[in-house]
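A.B. asks:
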Amino acid sequence: MKIPTVHAMYWDNIPGSILSKQREVFAHLDIPLQQERADQQPHGLWMNQVIERLAPDDIVVFCDIDAFALNRAAYLAAVQHAENGALFGLAQFSNHKQGTQVYAGPMFMAFRKSMWMQLGSPTMRSSKLHDAAEVMSVLAREAGIPVVMPAVSACLLPKWSLGNEGVFGIGTFYGERDFFHLFESRKPAYEAIFHAVADDVLADRPLNFRHYLEIVEQLQAAESGQPPRRRPWWKRLWK
Numbered sequence: 735m736k737i738p739t740v741h742a743m744y745w746d747n748i749p750g751s752i753l754s755k756q757r758e759v760f761a762h763l764d765i766p767l768q769q770e771r772a773d774q775q776p777h778g779l780w781m782n783q784v785i786e787r788l789a790p791d792d793i794v795v796f797c798d799i800d801a802f803a804l805n806r807a808a809y810l811a812a813v814q815h816a817e818n819g820a821l822f823g824l825a826q827f828s829n830h831k832q833g834t835q836v837y838a839g840p841m842f843m844a845f846r847k848s849m850w851m852q853l854g855s856p857t858m859r860s861s862k863l864h865d866a867a868e869v870m871s872v873l874a875r876e877a878g879i880p881v882v883m884p885a886v887s888a889c890l891l892p893k894w895s896l897g898n899e900g901v902f903g904i905g906t907f908y909g910e911r912d913f914f915h916l917f918e919s920r921k922p923a924y925e926a927i928f929h930a931v932a933d934d935v936l937a938d939r940p941l942n943f944r945h946y947l948e949i950v951e952q953l954q955a956a957e958s959g960q961p962p963r964r965r966p967w968w969k970r971l972w973k
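Going by the working numbering, the first residue of the sequence shown is number 735, and it counts up by one from there.
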C-alpha cells in the first residue's frame, strides 16, 4: 500500500528547529512529509490548494507544523479510516466561533478527496460560523459520513475548553498516546516541550510525562520570576 504524503504548512514565524524536528520524527516513522512555506497565507486557503492538486481517489492528509504521530500504527489507522470513507481528525473545538460541537481538526486530518467532492467541495477557509476545515465535520454529519475523532488523553498546559468534553492546550496528546500537538509553536518558550516529546519518539522509548511536566514548571517559573519548586524530600528519594 502506498502511504499518503502528509502536508504541513508554515509561516516564517515558526522556529527552524520545529521544522527540522518534525521532519526527523516523520522520517523515523517512515511517513512521507511535505512541509510547505505559505507565509501569511490563511490555513484554509492553503488546504484548498493542496486538495485541488490531488486526484479524486487520493487520500488527503493534513498536519500542523507542530504536530506529529507518536507511532506509525496510529498514522496507518488514520489513513485506513479515510480509505473506508470516514473523515478522520483530532478532536478540536473553536472557542472563538459559534459552533457548539467538537469537530475533526486539521492539526492531523485524513479523508479521501472524492468524499470532499461528495460534500460539495466545500472551502476549508474559516468563516463567521466555523474555523478552518470545521465545515467538513458539519457536512459529514449531515450526510451520515462517519467522523472519527481521537479524544484528548493528556494536556501539559491547559488553556482552552474542548466544548463540554474536557480541555486542551499547550502540549496535547490524543488517543492512546497516538498523536501530539504542541500549539502556539511560534512562541520559542515552547520549543523545549516539542523537542522533548519528539526525542522520545526518535529514541523509541516511552513518553516521559514527568520530564515534560518539569519543563512546563520551569517555563512557568521563568515567566513568574520565581525559582522552580523543589520536589518534597520524600519524592527526591525516589528517582
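We put the beta carbon where it would ideally sit given N, CA and C, even for glycine. Everything numeric in this text was worked out from a predicted model, so none of it was measured.
Which residues share a DSSP beta bridge with T906?
C.D. replies: Looking at the DSSP assignment, T906 forms a beta bridge with C889 and H915.
A.B. asks: Quick one: give me the first and last residue of the alpha helix (DSSP H) that Q756 is part of.
C.D. replies: Per DSSP, Q756 belongs to the alpha helix (DSSP H) from G750 to H762.
A.B. asks: Just to confirm my understanding: we take H815, look at its own chain, exclude 5 residues before and 5 after, and list those with CB closer than 6 Å. What are they?
C.D. replies: If we look at H815 and ignore the five residues flanking it on each side, its Cβ neighbours are F822 and V882.
A.B. asks: Just reading off the alpha helix (DSSP H) that E817 is part of, what are its end residues?
C.D. replies: Note, E817: alpha helix (DSSP H), R806 to E817.
A.B. asks: How would you write the range of the alpha helix (DSSP H) that I765 sits in, first residue to last?
C.D. replies: Taken as a continuous stretch (DSSP letters only), I765 belongs to no alpha helix (DSSP H), as it is neither H nor E.
A.B. asks: Judging by CA-CA distance, which residue of S828, D764, S848 and M849 is the nearest neighbour of Y809?
C.D. replies: Minimum Cα distance to Y809 is reached at D764.
A.B. asks: Going by beta carbon distance, what residues of the same chain come within less than 7 Å of I949, once the five residues before and after it are set aside?
C.D. replies: Taken in chain order, the residues that qualify are A926, I927 and A930.
A.B. asks: Alpha carbon to alpha carbon, how far is E899 from R911? Give it in angstroms, no decimals.
C.D. replies: Distance between the alpha carbons of R911 and E899 is about 18 Å.
A.B. asks: Could you please give me the residues that DSSP links to H741 through a beta bridge?
C.D. replies: DSSP output for H741 lists Q768 and F796 as bridge partner(s).
A.B. asks: Let me make sure I understand the geometry here. Which of D746, H762, L936 and M849 has the alpha-carbon closest to that of L788?
C.D. replies: Of the candidates D746, H762, L936 and M849, the one whose C-alpha sits nearest the C-alpha of L788 is M849.
A.B. asks: Examine the Cβ distances between the segment 887-899 and the segment 781-796 and report whether three or more of them are shorter than 8 Å.
C.D. replies: In short, these stretches do not touch, since the Cβ pair count stays below three.
A.B. asks: Of all the options A825, G959 and C797, which has the alpha carbon lying nearest to the alpha carbon of A888?
C.D. replies: Of the candidates A825, G959 and C797, the one whose C-alpha sits nearest the C-alpha of A888 is A825.
A.B. asks: I need the straight-line Cα distance from R920 to A742, nearest angstrom please.
C.D. replies: Going from the Cα of R920 to the Cα of A742 covers about 15 Å.
A.B. asks: Per DSSP, M702 is paired with what?
C.D. replies: The question about residue 702 has no answer here: the residues shown for the chain are numbered 735 through 973.
A.B. asks: Excluding five sequence neighbours on each side, which residues of the same chain lie with their C-beta closer than 6 Å to the C-beta of F907?
C.D. replies: Once the five neighbours on either side are set aside, the close Cβ partners of F907 are S887, A888 and F914.
A.B. asks: Since V882 sits in a beta bridge, which residues does DSSP pair it with?
C.D. replies: DSSP lists F822 as partners of V882.
A.B. asks: Let's see if you can read the secondary structure: which residues bound the beta strand (DSSP E) around A803?
C.D. replies: Residues A801 to A803.
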